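Residue numbers (our numbering), protein chains in the order written: chain A, 1 to 384; chain B, 1001 to 1425; chain C, 2001 to 2101; chain D, 3001 to 3172; chain E, 4001 to 4226.
Here a beta-carbon is modelled for each residue, glycine too, at the ideal position from N, C-alpha and C.
Nothing here was measured: the structure is a model prediction, and the numbers come from that model.
To keep things clear, I will list the structure first and then write my remarks on it.
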Amino acid sequence: MSEASKYLSQLQVGEGEQTFLDSNELIINMGPQHPATHGVLRVILKLDGEKVLGTECVIGYLHRGVEKIAENRTYTMFNPYVDRMDYVAAVSNGLGYCQAVERLLNIEAPPRANYIRVILTELNRISSHQLWLGTHALDIGAITPLFYTFRDREEILKIFEKYCGARLTTHAFRIGGCQYETYEGFERDVKSFCNFVAPKIEEYEELLTTNRIWVERTKGVGVLSAAGCKALGVTGPVLRASGVKWDIRKAQPYANYSEFDFEIPTRQSGDTYDRYMVRMAEMRQSLRIIRQAVERIPEGPIMAKVPKVIKPPPGEVYHSIEAPKGELGYFIVSDGSTQPYRLRVRPPSFVNLQALDLMVRGQLVADVIAVIGTLDIVLGEVDR
Amino acid sequence: MLTSITSYLHSNETPGAAGNMFWALLYILAIFLGLSIAVIAMNWLERKVLAHMQVRLGPMRVGPHGLLQPIADALKLLIKEDIMPAHADRLVFWMAPLITVLAAFTTFIVVPFGPTHAVTDMNIGILFMLGVSSLGVLGIVTAGWASNSHYPLIGSLRSSAQMVSYEVAMGLAVVSAVLMTSLHGTGVYGTGTTGSGTGTLSMIGIVKAQYDQQIWFAFKFFPLGLIAMFVFSVAMVAETNRAPFDLPEAESELTAGFHTEYSGFRWSLFFLAEYSAMIAVSSIAVTLWFGGWLRPFPNALTGATWDLLFSLFPGFSFLGLGALALLSAMRMPRHRMFKIQTIGLAGFGALLALIGLGLLVPPLRDRVQDIYWFVAKVAVFMYLYIWYRGTFPRYRFDQLMMVGWKILLPTALAALIATAVVGVF
Amino acid sequence: MVPITPIHYLILAAALFALGTIGVLTRRNVVIVLMSIELILNAVNLNLVAFSRLWGLNGQVFAIFVITDAAAEAAVGLGILIAFFRNRETVNMDEVDLLKW
Amino acid sequence: MQPVATTFFFYFLSALALLGAVFVITRRNAVHSALALIVTLLALAGIYLMLYAPFVAGVQIILYAGGIMVLFLFVIMLVNLERAEKEKQFNQQWLIALVAAGGLGLLFVRVFTESKTVSGLLQKPLAQLAESTNTQQVGIALYGNYMLAFEIASLLLLVAIVGAVVMAKKRI
Amino acid sequence: MADEEKPAVTPPPGNEQKPGGEKQAGSVEPIRPAEHGAPETARSQAKPGEGPRPAKPTGAVPGSWDAPMVARFKRQYGSGLEALTYLGQDYLIVDRSLIGNVLLLLRDREQFDYCVDVTAVHYPKREKQFEVIWILYSFARNERIRVKTIMAEGESLPSSVQIWPTCNWLEREVFDMFGITFEGHPELKRILLPEGWNGHPLRKDYGIIQQDQEWVQLNLGIESGQ
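Here is the structure:
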């Protein structure tokens, strides 16, 4: 119990170790309008000079009541809404939702649909990581990587646009498979993208990995141990950077991830630099998966036999996937009607954000920015 | 009156030294105007260069290739609402930007653009420059304090600590350059020439010493001069609060640091001060280590032919720039939407070419040459500033202090001692 | 107009000295008292430099020593002030009434 | 170079210095006091220039205005003085202090202007100080006659650094 | 991992076991509202004693879940908890009075060291309106289970923040959305909705366009948020 209480986070105003000047305790309100809080996060910082004594996150500025909306929409109608949660990884959200409902219906998407799903989801993972890298580097003060990553992310968005007409909130998948057959030249586009982006990833690394200032700013900053990660429920690259080789794609494979050959990149020290390295490696692994998938994509139907009106039998199901940010879970309770009786989203950003307080205690203000960046939160998902 | 004005034309002293008030005021005016234009040009150049480093185009809409963008910005800033936060200290809030601007501009009194092209030549020239440029921090600190807001306050606390710390390393690096004015050395490093014998703090004296010793101080006592120059060029970036040391205005942490609460014209004063300070410290670096106004190889490549060749540089650079602008004008899309832009660009090119032709006229080209070389060297440093900004992430405060106190200061001290030792023996 | 002689400078220095003394004796804010001390030191400096106009450079050298001294005084004085403020939450001169805390 | 318009600049700079000094001791807000002190210091630097002491003027600007006053401002911001501003600014002995200091000042002025000995001393012709070699001469004096004093000053600074660190830092 | 001989970390007092179990059985049985009857139907069909179902996740009916872990819990708490499986996903239904102990045992003895999610479901027609669900995962066993408890309006649950710190925000969200209180939570206050908001939106009796007009008018200075 004491081990767990080590990771308890709450802002205790009025106490804390004091170092330089007692009188200099400063409460600073970072956000909700602040350039580095990635949206509308408000962090109340208690500072001793530049040292952070504690933080308190105030969230909910972007709360739209997604879970309440779900209870008033049919399963099909709710599908586009999930794209609006983690809007930089909309495809992953859609995949998780569609698979959860499929699981509730006890159907399985056909193989070709699964391949398309995997390709798009992994492309989306790369684009999400690219966006993260750009903004994270910008937070730390390197402005140039942002433009490089946005240039390359554009290619992914072009593929999405060609495939389903939307760039960001794609709504690419349907319950039971995919709505659209791949367009003419899809494989060629994806392959050429893989060849295009692989050297670009090297380029990002060239700019940052060995940059002394970058290393100094990220090494040893926001360290979260494996035990801390597990206790705080932190998943995704953050957990893997702490040395836990855990990825739902391997641990409990969904779609057809078990058919692909890829590795789970891990690092040991769990600091910001390691999380950066893990994400860079993940981009390469995603490319590897995409390459295999696009080679082996079979012919066949893209939709399973799904009734016109989706009425899952009564029951409840929890399904989770490995979103770019961590474990994204959908817990759906069905009462046998066309609308979910209760739909709960387990957002990775929300849970990961909880670790912020622990990660920044005793560090400097500049590190708060780095840690918010490295947690890779999307406020649309935190607040839902 | 008129004779005192015309007689100065043949003088070989600065107007300040000659006691010629008319020319001194004219010089001050010229420097003020030139600095304003330089800041405007720098604004445009920074945006363009940074944009091209970041695979984008930068300003393209206002004027051809965004040439009029800085003017549009200036207009926008002038007509913007001037906001003063509630409970701000009105007087100090009003004064702070003025202090920074004054400090940044006053330094240019002693900057030598040529052997006679300086407002005055002070005996304590470099000391004066360092001292006055260090007054800029007062403006920043008071700005942050007067805003009555947390972010600016943290910004100014950071900046006061940062600027005071880096001044030390900067000063030591400068001292080692000053030391070189009097040291010739006899061993491997000896230049074998006679200098003025005693050292000097005067900016003009320092450049003259480099001419007499036939070496830029950056390369004197290799590598000691380079080390001191390196220390200075790191410290000067920190002194001017530029990336990667832009902590006082780190936009991702402190929104805009000490000038968060400033808007419109007051903010633009800070902007002006920042860029003037950049130019000022670059001028110090150029004067101390890169031979100031001296053209390349002033001692080796002598003779009428070389003199003529080097004196043609200013004119031909302007001609080249004009040709570039004309070429871009020719490559503009032929569409009536771009008509005005094309004409504007061509006109700009023609103007540059005209200036270039003017600078080829013999009496002018000899007078302008020094200024040209000085500005060209400063421009290299300004480019470095932009380059840093495009490349480096920002330092954290403790790392910044560590770099200042644990790396730069010992390095500068060691270089200073080594310079003294090498110079004497 | 009277030409400016060293006497003028000395009178200016005397005025600055008197003002500094008033500040030290009357103000309750420690920071301002420290600044008044700087005023006094500056008055002394002015005297020294003015004398150097008559007797050569020695006055200027002394002025430099005084400035060094002022820097040391300011550093220690402000250090004491911070220590005092940390313990007593005030910068009031009248409350500096303990030799040790 | 000869100083130009000596009379005007002397009165102008003295007025500035005295005004600054008055503001230093009367302002309620310590930051205002500090800014006023900076004005005084810069005016004095100008006066030093007029007295053929450019090196002292330079040191005055770089050390006093640029260094010590930044330290003052830094400390004023660290110790939040909002409360101090609302308190009584002057202590009870202000009247006595005013009289005493005023008397002292008058005494000085009287000695400088009336005393035969002093005015006799001051009647001495002005020393020829070469402005262009001022720095060199100060340097030679510092490292010649005043070598010991210079070394002691450096020791004093070292002690001051250690003292300031010990005072200001709670945990070393 | 499974050292079955290991004594429970905090064995609950013996007299709590039976009454708890009886209460559970008594409370679930009679409620069978027509509209939201489905989950209850499923559960009542899966009452123990109907015989083991095939493990394959095919049926739309929950089957009983047999595992050494379940056996251990059964031995300890008897009828205080029920173990079911549906579509290949296992879950425990635990009596409210036992939930703290069961969760603690799940973490310490069964190595469920990662609490994925805490959430709740509102059944307004039932006597005990709320189901609170913990979704747990064990890294060591690569196994995911759900723990469910049933509680009525006004009752409270022991907070599991001391067991998994991640429950801090998750429980706050449940409190925010459903008004379920967790005892021992370090700072149980609203998280997504603003402080001072009236009502708990994810309850079924809270309309989809309903909002706290008073709060909106007071704090935002507008007539209505719609």
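Asked, Found
"Strand pairing of L364 (chain A), partner residues [DSSP]", "A:K51"
"Sub-8 Å separation of L1357 (chain B) and G1320 (chain B) beta-carbons", "no"
"Positions along the region 3061 to 3079 of chain D whose CB lies within less than 9 Å of some CB in chain B", "I3061, I3062, L3063, A3065, G3066, G3067, M3069, V3070, L3071, L3073, F3074, I3076, M3077, L3078"
"Alpha-carbon to alpha-carbon, P1015 (chain B) and W1115 (chain B)", "Residue identity differs from the one stated: residue 1115 (chain B) is Pro in this sequence, not Trp. Cα to Cα, the separation comes out at about 11 Å."
"Proximal residues of chain A, C-beta to C-beta of F1397 (chain B) below 7 Å", "E50, L364, A366"
"Residue interval of the alpha helix (DSSP H) (run including R188 (chain A))", "186 to 208"
"Option in D:L3016, D:G3139, D:V3022, D:L3104 with minimal Cα separation from A2014 (chain C)", "D:L3104"
"Distance between S1317 (chain B) and H1065 (chain B) (C-alpha atoms, nearest Å)", "20 Å"
"DSSP-derived helix/strand/coil call for P4158 (chain E)", "strand"
"Separation of V1375 (chain B) from I1350 (chain B), as counted between CA atoms", "For clarity, residue 1350 (chain B) is Ala in the given sequence; the question names Ile instead. Each residue's alpha carbon lies about 22 Å from the other."
"Within 9 Å of chain D by C-beta, residues of the region 1137 to 1170 of chain B in sequence order", "V1137, L1138, V1141, T1142, G1144, W1145, A1146, L1153, S1156, L1157, S1160, A1161, M1163, V1164, E1167"
"Under 8 Å from the C-beta of M1122 (chain B): neighbouring residues of chain D", "P3054"
"R212 (chain A), buried or exposed, once every other Cβ within 10 Å from all chains shown has been counted against 16", "exposed"
"Contacts around P301 (chain A), its chain only, beta-carbon distance under 7 Å, and the 5 residues preceding and following it disregarded", "P110, R112"
"Sequence ranges, beta strand (DSSP E) only - wholly within the region 1245 to 1311 of chain B, length at least 3", "none"
"Inter-stretch contact at 8 Å, needing at least 3 Cβ pairs: the region 4065 to 4084 of chain E / the region 4128 to 4138 of chain E", "no"
"Assigned secondary structure, G2077 (chain C) (DSSP; H/G/I helix, E/B strand, else coil)", "helix"
"CA nearest to the CA of A227 (chain A), picked from A:T235, A:G220, A:P307", "A:T235"
"Beta-carbon proximity of V82 (chain A) to P312 (chain A), cut-off 8 Å", "no"
"Through-space distance from Q268 (chain A) to Y276 (chain A), alpha-carbon basis", "12 Å"
"Nearest-angstrom Cα separation, counted from W1289 (chain B) out to A1177 (chain B)", "7 Å"
"Which residues DSSP lists as bridging G326 (chain A), in chain order", "A:A323"
"Rounded C-alpha distance that separates F350 (chain A) from R4172 (chain E)", "12 Å"
"CB-CB length for P1248 (chain B) against F1258 (chain B), believed under 8 Å", "5 Å"
"Reduced DSSP category for E108 (chain A) - H, G, I as helix; E, B as strand; rest coil", "coil"
"Interface residues of the region 74 to 103 of chain A facing chain E [CB-CB below 8 Å]", "R103"
"Close Cβ partners of K4074 (chain E) (< 8 Å) along its chain, the five nearest in sequence each way excluded", "L4081, A4083"
"CB of G4132 (chain E) within 8 Å of CB of I4180 (chain E), strictly", "A small fix is needed here, since residue 4132 (chain E) is Val in this sequence, not Gly. Yes, they are a contact pair."
"N2042 (chain C) vs L2016 (chain C) beta-carbon contact at 8 Å", "yes"
"Contact set for S1149 (chain B): own chain, Cβ-Cβ below 7 Å, skip 5 residues either direction", "P1085, T1260, E1261"
"Delimiting residues of the beta strand (DSSP E) encompassing S4138 (chain E)", "4130 to 4138"
"Beta-carbon proximity of R4107 (chain E) to W4164 (chain E), cut-off 8 Å", "yes"
"C-beta contact flag for L2078 (chain C) and L2039 (chain C) at 8 Å", "no"
"L224 (chain A) in three-state terms, based on DSSP", "coil"
"G380 (chain A) vs R117 (chain A) beta-carbon contact at 8 Å", "no"
"Integer-rounded CB distance, given that I310 (chain A) should sit under 8 Å from L105 (chain A)", "7 Å"
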